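K.L.:
Number of protein chains: 2
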Amino acid sequence: MPQLRIALAQINATVGDLAGNAQLHVDWAKKAAEAGAHVVVFPEMSLTGYPVEDLTLRKTFAQASCQAVDDLARRLDEAGCGGLLVYAGYLDNDEVGPRDAAVALYGGEVVGRQFKHHLPNYGVFDEHRYFKPGQTLDVVRLHGLDIGMVICEDIWQEGGPVTALGEAGVDLVVAPNASPYERSKDDIRLPLVARRAAEARAPLVYTNLVGGQDDLVFDGDSIVVGADGALLARAPQFVEHLLVVDLDLPAGGHSSEGSFEGLEVRRRVLSSEPVPAYEPVPAPVSEPLSDEAEVWSALVVGLRDYVQKNGFRSVTFGFSGGIDSALTAALAVDALGPDAVYGVSMPSAYSSSHSREDAAELARRLGCHFRTESVEDMVRVYVDQLNLTGLAEENIQARVRGMLLMALSNQDGHLVLATGNKTELAVGYSTIYGDAVGGFAPIKDVFKTHVWELARWRNAEAEKRGEVPPIPENSITKPPSAELRPGQLDTDSLPDYPLLDDILDDYVEGDRGYADLLAAGFDAETIDRVIRMVDRAEYKRRQYPVGTKITFKAFGRDRRLPITNGWREGDQR
Amino acid sequence: MPQLRIALAQINATVGDLAGNAQLHVDWAKKAAEAGAHVVVFPEMSLTGYPVEDLTLRKTFAQASCQAVDDLARRLDEAGCGGLLVYAGYLDNDEVGPRDAAVALYGGEVVGRQFKHHLPNYGVFDEHRYFKPGQTLDVVRLHGLDIGMVICEDIWQEGGPVTALGEAGVDLVVAPNASPYERSKDDIRLPLVARRAAEARAPLVYTNLVGGQDDLVFDGDSIVVGADGALLARAPQFVEHLLVVDLDLPAGGHSSEGSFEGLEVRRRVLSSEPVPAYEPVPAPVSEPLSDEAEVWSALVVGLRDYVQKNGFRSVTFGFSGGIDSALTAALAVDALGPDAVYGVSMPSAYSSSHSREDAAELARRLGCHFRTESVEDMVRVYVDQLNLTGLAEENIQARVRGMLLMALSNQDGHLVLATGNKTELAVGYSTIYGDAVGGFAPIKDVFKTHVWELARWRNAEAEKRGEVPPIPENSITKPPSAELRPGQLDTDSLPDYPLLDDILDDYVEGDRGYADLLAAGFDAETIDRVIRMVDRAEYKRRQYPVGTKITFKAFGRDRRLPITNGWREGDQR
Numbered sequence: 001m002p003q004l005r006i007a008l009a010q011i012n013a014t015v016g017d018l019a020g021n022a023q024l025h026v027d028w029a030k031k032a033a034e035a036g037a038h039v040v041v042f043p044e045m046s047l048t049g050y051p052v053e054d055l056t057l058r059k060t061f062a063q064a065s066c067q068a069v070d071d072l073a074r075r076l077d078e079a080g081c082g083g084l085l086v087y088a089g090y091l092d093n094d095e096v097g098p099r100d101a102a103v104a105l106y107g108g109e110v111v112g113r114q115f116k117h118h119l120p121n122y123g124v125f126d127e128h129r130y131f132k133p134g135q136t137l138d139v140v141r142l143h144g145l146d147i148g149m150v151i152c153e154d155i156w157q158e159g160g161p162v163t164a165l166g167e168a169g170v171d172l173v174v175a176p177n178a179s180p181y182e183r184s185k186d187d188i189r190l191p192l193v194a195r196r197a198a199e200a201r202a203p204l205v206y207t208n209l210v211g212g213q214d215d216l217v218f219d220g221d222s223i224v225v226g227a228d229g230a231l232l233a234r235a236p237q238f239v240e241h242l243l244v245v246d247l248d249l250p251a252g253g254h255s256s257e258g259s260f261e262g263l264e265v266r267r268r269v270l271s272s273e274p275v276p277a278y279e280p281v282p283a284p285v286s287e288p289l290s291d292e293a294e295v296w297s298a299l300v301v302g303l304r305d306y307v308q309k310n311g312f313r314s315v316t317f318g319f320s321g322g323i324d325s326a327l328t329a330a331l332a333v334d335a336l337g338p339d340a341v342y343g344v345s346m347p348s349a350y351s352s353s354h355s356r357e358d359a360a361e362l363a364r365r366l367g368c369h370f371r372t373e374s375v376e377d378m379v380r381v382y383v384d385q386l387n388l389t390g391l392a393e394e395n396i397q398a399r400v401r402g403m404l405l406m407a408l409s410n411q412d413g414h415l416v417l418a419t420g421n422k423t424e425l426a427v428g429y430s431t432i433y434g435d436a437v438g439g440f441a442p443i444k445d446v447f448k449t450h451v452w453e454l455a456r457w458r459n460a461e462a463e464k465r466g467e468v469p470p471i472p473e474n475s476i477t478k479p480p481s482a483e484l485r486p487g488q489l490d491t492d493s494l495p496d497y498p499l500l501d502d503i504l505d506d507y508v509e510g511d512r513g514y515a516d517l518l519a520a521g522f523d524a525e526t527i528d529r530v531i532r533m534v535d536r537a538e539y540k541r542r543q544y545p546v547g548t549k550i551t552f553k554a555f556g557r558d559r560r561l562p563i564t565n566g567w568r569e570g571d572q573r
Numbered sequence: 001m002p003q004l005r006i007a008l009a010q011i012n013a014t015v016g017d018l019a020g021n022a023q024l025h026v027d028w029a030k031k032a033a034e035a036g037a038h039v040v041v042f043p044e045m046s047l048t049g050y051p052v053e054d055l056t057l058r059k060t061f062a063q064a065s066c067q068a069v070d071d072l073a074r075r076l077d078e079a080g081c082g083g084l085l086v087y088a089g090y091l092d093n094d095e096v097g098p099r100d101a102a103v104a105l106y107g108g109e110v111v112g113r114q115f116k117h118h119l120p121n122y123g124v125f126d127e128h129r130y131f132k133p134g135q136t137l138d139v140v141r142l143h144g145l146d147i148g149m150v151i152c153e154d155i156w157q158e159g160g161p162v163t164a165l166g167e168a169g170v171d172l173v174v175a176p177n178a179s180p181y182e183r184s185k186d187d188i189r190l191p192l193v194a195r196r197a198a199e200a201r202a203p204l205v206y207t208n209l210v211g212g213q214d215d216l217v218f219d220g221d222s223i224v225v226g227a228d229g230a231l232l233a234r235a236p237q238f239v240e241h242l243l244v245v246d247l248d249l250p251a252g253g254h255s256s257e258g259s260f261e262g263l264e265v266r267r268r269v270l271s272s273e274p275v276p277a278y279e280p281v282p283a284p285v286s287e288p289l290s291d292e293a294e295v296w297s298a299l300v301v302g303l304r305d306y307v308q309k310n311g312f313r314s315v316t317f318g319f320s321g322g323i324d325s326a327l328t329a330a331l332a333v334d335a336l337g338p339d340a341v342y343g344v345s346m347p348s349a350y351s352s353s354h355s356r357e358d359a360a361e362l363a364r365r366l367g368c369h370f371r372t373e374s375v376e377d378m379v380r381v382y383v384d385q386l387n388l389t390g391l392a393e394e395n396i397q398a399r400v401r402g403m404l405l406m407a408l409s410n411q412d413g414h415l416v417l418a419t420g421n422k423t424e425l426a427v428g429y430s431t432i433y434g435d436a437v438g439g440f441a442p443i444k445d446v447f448k449t450h451v452w453e454l455a456r457w458r459n460a461e462a463e464k465r466g467e468v469p470p471i472p473e474n475s476i477t478k479p480p481s482a483e484l485r486p487g488q489l490d491t492d493s494l495p496d497y498p499l500l501d502d503i504l505d506d507y508v509e510g511d512r513g514y515a516d517l518l519a520a521g522f523d524a525e526t527i528d529r530v531i532r533m534v535d536r537a538e539y540k541r542r543q544y545p546v547g548t549k550i551t552f553k554a555f556g557r558d559r560r561l562p563i564t565n566g567w568r569e570g571d572q573r
């Protein structure tokens with residue numbers, strides 16, 4: 001049976017950066033060629049990055065994207081990769097409209113070009129806003145093997161392109177993807193790809209993007225699955241990687257063209273001779289990360305890429321001594337190194353001595369920069385001049401801290417991080433322009449109970465490696481407090497976090513209604529209290545910085561509610 | 001020919017407020033019945049409000065919406081409106097999925113039910129995210145006349161539902177709408193409705209929503225157009241209104257059912273006897289507002305509804321003596337009355353005496369509340385403690401003001417307004433957490449040159465009415481300055497506003513590229529400077545409060561760009 005060496009180039013593209021992304025293609029194609037690959041598959045929209053949002057509608061951008069494809073074909077040939085079949089994704093714009101497109105490049109030419117058929121328009125996806133669907137499938141024969149292509153969502157749908165390729169006949173299917181990370185998504189992805197391989201009656205090569213883009217993070221996790229559904233190879237998650245796999249395939253000599261499942265199958269022969277027999281390399285199958293390690297990596301990569309792709313070199317944020325800022329600090333040091341992290345302790349009259357000590361201890365453990373700036377004088381001027389009391393007095397402390405961090409950001413060029421967690425955001429337990437200040441919010445999509453779990457996990461990992469656990473034990477075990485008035489505890493205002501997170505998981509993630517929550521055994525008063533807090537906090541959530549999405553219903557692209565909203569869940573019972 | 005009296009109920013629904021919106025239906029149906037109407041047509045999704053965004057996906061909300069329809073049918077009958085044919089819009093959710101739906105209610109029952117066919121997914125619309133399209137058209141015969149229905153976008157498309165109704169045969173078409181305001185939109189709407197009436201071979205009754213919903217404002221402007229395209233009646237813009245129109249129609253006695261244009265036409269007879277002949281009332285044709293009056297009304301209604309629908313009773317913001325805060329103040333007083341407006345002058349060391357005087361003069365003219373709070377002490381603590389200089393020192397002044405306003409908001413319950421204009425937002429000439437602080441930004445979508453035009457227009461209107469012009473002449477004529485350093489002028493950092501706004505109009509509104517701008521005669525250096533500022537300011541724009549949209553490309557729902565974005569227009573030349 002003819003052999004073929006396939007490379008999956010799991011790259012980290014940046015949205016809009018056509019020149020930088022094109023360079024990545026040349027670099028990784030060369031690596032693939034050096035590894036002896038015959039085909040290399042880049043992710044969906046690999047030349048433009050994903051998602052390009054309304055840039056799609058900008059004609060000059062689409063033109064530049066099309067130009068980048070032609071330039072890339074030429075550059076690959078000049079770089080000695082002309083004999084390598086290169087699949088790359090880009091934005092096209094023809095007479096029908098913008099297209100989520102991919103090309104096959106070979107010998108300095110475009111030898112196949114295809115537009116995505118199924119356009120997702122749910123969750124984080126808005127592709128009906130941007131793209132027109134394609135109606136053709138380009139199959140190319142390389143070394144006697146017929147290779148078809150489908151783009152991302154095309155494999156999430158029953159029937160359609162994959163079925164069409166199966167009916168028309170192909171020996172191999174390549175699938176460029178930009179599939180954002182979500183907790184445990186791999187549990188869905190692998191069986192899905194296996195099902196589609198069976199439908200195509202051919203192995204399926206699934207290359208995914210890696211890296212952070214605003215609130216999305218792509219996990220890579222590229223895979224190759226056999227026609228029988230068996231996992232043949234898997235790339236590691238959250239890193240750029242070239243996965244090289246040898247396949248030994250029956251050449252079907254397929255020749256059917258024309259309409260299948262309403263799609264037009266076209267064929268082109270590049271070379272019919274099988275490659276001379278060679279010794280295959282063993283296909284690497286990376287172990288998937290544990291759940292906690294996976295989440296940690298997602299948060300680290302999301303943070304690192306947001307900071308670096310936006311041209312920042314350092315971050316600053318408040319070190320309060322509490323668990324949220326401690327976890328954020330550990331993430332920031334893992335993402336950017338200790339020298340890029342500037343912790344600021346900002347004690348007020350209500351700050352406990354253990355808070356200051358825990359903050360300093362955190363900085364010592366991490367080896368990052370640390371300074372202390374009391375906010376007492378600033379707060380006093382506001383309180384005295386405006387006679388502030390109650391909530392106004394509590395909030396001004398948080399706000400003075402936010403402004404202090406922004407001043408340091410302006411003065412020294414750091415990006416400010418907001419350290420709030422998903423539970424706080426859900427119920428609005430944060431101060432707008434206070435702790436909500438920042439350009440990025442690393443743990444925005446992490447529930448409070450999960451914050452503690454991650455802290456414990458990260459410390460245990462350090463111990464396993466014989467390193468100092470980054471997070472002071474006291475920050476993990478002490479009762480959470482905003483310390484905006486004497487003796488204040490989070491539990492004064494909120495149910496206990498395990499209970500609160502359980503309700504939020506049902507109400508926010510599960511989208512369950514009042515009656516469902518009651519049936520799940522929560523008491524009526526607590527349900528009422530929690531869902532009222534959640535419904536009322538939409539405006540605060542909108543003003544919060546972006547942060548890495550790790551769940552199905554992240555507060556960002558995933559959950560789009562009106563601010564002016566007369567609906568109160570449960571009122572109609 | 002049979003006569004029919006039609007009422008168009010141009011109501012101001014609130015998203016999610018099913019109980020309040022249902023009450024509006026009962027109240028306005030009664031008014032229609034009292035006016036002798038046989039049919040009353042409410043806007044699209046009149047029971048739920050529009051747009052309900054991700055509430056659409058919440059099953060309990062869809063259930064409550066369906067329940068609200070049945071309850072409304074019963075309540076209308078109980079209120080003595082059973083003999084009135086009532087068209088109302090709502091959210092349905094059947095086995096296929098959520099639907100943008102409308103019903104015909106009569107005699108306490110649902111006698112027609114239809115789902116929107118064409119789902120817009122561009123600009124501010126995301127209907128592919130939410131709805132499944134309908135495939136049926138329900139025609140009811142009332143007093144011998146056959147009445148068909150189409151929903152909103154269905155009339156913006158060539159062919160489809162209106163053509164189908166024309167082919168099947170109807171005597172009248174009613175069209176519930178939720179069509180957001182945009183400058184000069186009426187110039188498009190009327191010819192469009194006229195074209196569709198011709199296609200339907202019947203008069204078309206177009207009822208539009210009125211009022212503000214987050215960044216959208218609906219202008220009403222409901223119309224009735226004859227089969228010949230002639231405008232028969234028009235409701236006033238931006239106010240709730242019952243438009244009553246007598247029609248005298250040839251009864252076609254249409255009976256074709258089945259498939260037309262791929263849609264299933266179904267018929268139901270409610271009554272075949274024409275109403276006894278009566279004396280028709282003359283149809284009122286409101287004059288459209290002038291361009292400036294229309295924009296002013298949009299801004300006033302958008303602001304008023306945001307404040308009131310979110311449960312606030314008063315607003316506060318900085319009175320700087322400049323034109324932006326003066327225009328915002330005039331709008332706020334027109335929207336909420338002088339007693340609901342709390343102006344705050346917040347002078348710093350760099351504030352000129354004319355700024356303080358102009359601010360005080362503005363408050364005197366408007367008769368609103370006014371206080372002065374120096375920010376000098378607050379700023380000094382920051383500057384001294386952190387040794388702030390340059391941009392950090394400039395920004396801290398704006399931020400101290402923002403925090404001061406938020407403290408007053410917390411203390412006294414006012415909603416804070418941000419007074420920035422579209423030009424500033426476009427180029428990022430504002431301080432995040434400074435002048436960008438607020439819950440709502442009334443002039444967010446108004447270019448600076450337009451701010452001056454509106455100020456002059458509003459003053460002239462006052463003079464026409466023999467009132468004191470609200471805006472001090474000095475605020476209109478003096479050169480704009482942020483007054484964050486001695487002698488600072490906007491023109492130190494920006495091109496002259498008329499030139500800047502011209503470029504922005506082309507680049508933002510017109511989505512034109514670098515080459516187009518060059519061809520339009522702008523000089524290369526200025527283009528470079530402006531588009532770089534615009535491209536870099538996306539993060540700031542995202543953090544800005546919502547504000548009323550009046551243009552095609554408002555900075556809100558209309559323009560959705562990535563923050564992390566390597567694309568720079570013009571770099572590829």
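Residue numbers (UniProt numbering), protein chains in the order written: chain A, 1 to 573; chain B, 1 to 573.
From the three backbone atoms N, C-alpha and C, an ideal C-beta is built for every residue, glycine too.
This structure is a prediction, so every number in the text was calculated from the model and none was measured.
(1) For A:LEU362 and A:PHE319, which I take to be in contact (beta-carbon distance under 8 Å), what is that distance rounded to the nearest angstrom?
(2) Please check the pair A:ASP445 and A:GLY547, which I expect to be a contact at CB under 8 Å, by giving their CB distance rounded to whole angstroms.
(3) From the DSSP output, in three-state form, read off B:ILE11 for me.
(4) Just list the beta strand (DSSP E) runs in the stretch 281-321 of chain B, keeping only unbroken ones of 3 residues or longer that don't cross its boundaries, in chain order.
(5) Measure from the alpha carbon of B:GLU525 to the alpha carbon of each residue in B:LEU165, B:ARG399, B:LEU500 and B:PHE131, then state which is nearest.
(6) I need the straight-line Cα distance from B:ILE432 to A:ARG541, nearest angstrom please.
(7) Should B:SER481 go down as buried or exposed, given a rule of 16 or more other Cβ atoms within 10 Å for buried?
(8) So, at 7 Å on beta carbons, what are the nonlocal neighbours of B:ASP324 in its own chain, with the 5 sequence-adjacent residues on each side left out?
(9) In or out: A:ASP27 buried (at least 16 other Cβ within 10 Å) or exposed?
(10) Quick check: the Cα distance between A:GLY487 and B:GLU453, rounded to an integer number of angstroms?
(11) Using C-beta distances below 6 Å, list every residue in its chain close to B:ASP146, excluding the 5 sequence neighbours before and after it, in chain order.
(12) Answer with yes or no whether the minimum CB distance from B:TRP567 to chain A is below 7 Å.
(13) Find out if the Cβ-Cβ distance for the pair B:GLY348, B:VAL375 is shorter than 7 Å.
(14) Leaving out five residues on either side along the sequence, give the residues of the same chain with a beta carbon under 7 Å from the beta carbon of B:GLU463.
(15) Shorter than 7 Å from the beta carbon of A:MET378 to some beta carbon of chain B?
(16) Should A:TYR544 go down as buried or exposed, given a rule of 16 or more other Cβ atoms within 10 Å for buried?
(17) Measuring alpha carbon to alpha carbon, tell me which residue in A:ALA392, A:LEU142 and A:CYS368 is nearest A:GLY82.
(18) Find out if the Cβ-Cβ distance for the pair B:GLY220, B:VAL205 is shorter than 7 Å.
(19) B:GLY16 and A:GLY566: beta carbons closer than 7 Å?
(20) By the DSSP assignment, the beta strand (DSSP E) with B:PHE115 in it spans what residues?
P.N.:
In terms of the structure at hand:
(1) 6 Å
(2) 6 Å
(3) coil
(4) 315-318
(5) B:LEU500
(6) 17 Å
(7) buried
(8) THR419, GLY420, ASN421, ILE443 and VAL451
(9) exposed
(10) 55 Å
(11) VAL139, VAL170, ASP171 and HIS254
(12) yes
(13) A small fix is needed here, since residue 348 of chain B is Ser in this sequence, not Gly. Result yes, Cβ atoms of B:SER348 and B:VAL375 sit closer than 7 Å.
(14) PRO469
(15) yes
(16) buried
(17) A:LEU142
(18) no
(19) yes
(20) 109-115
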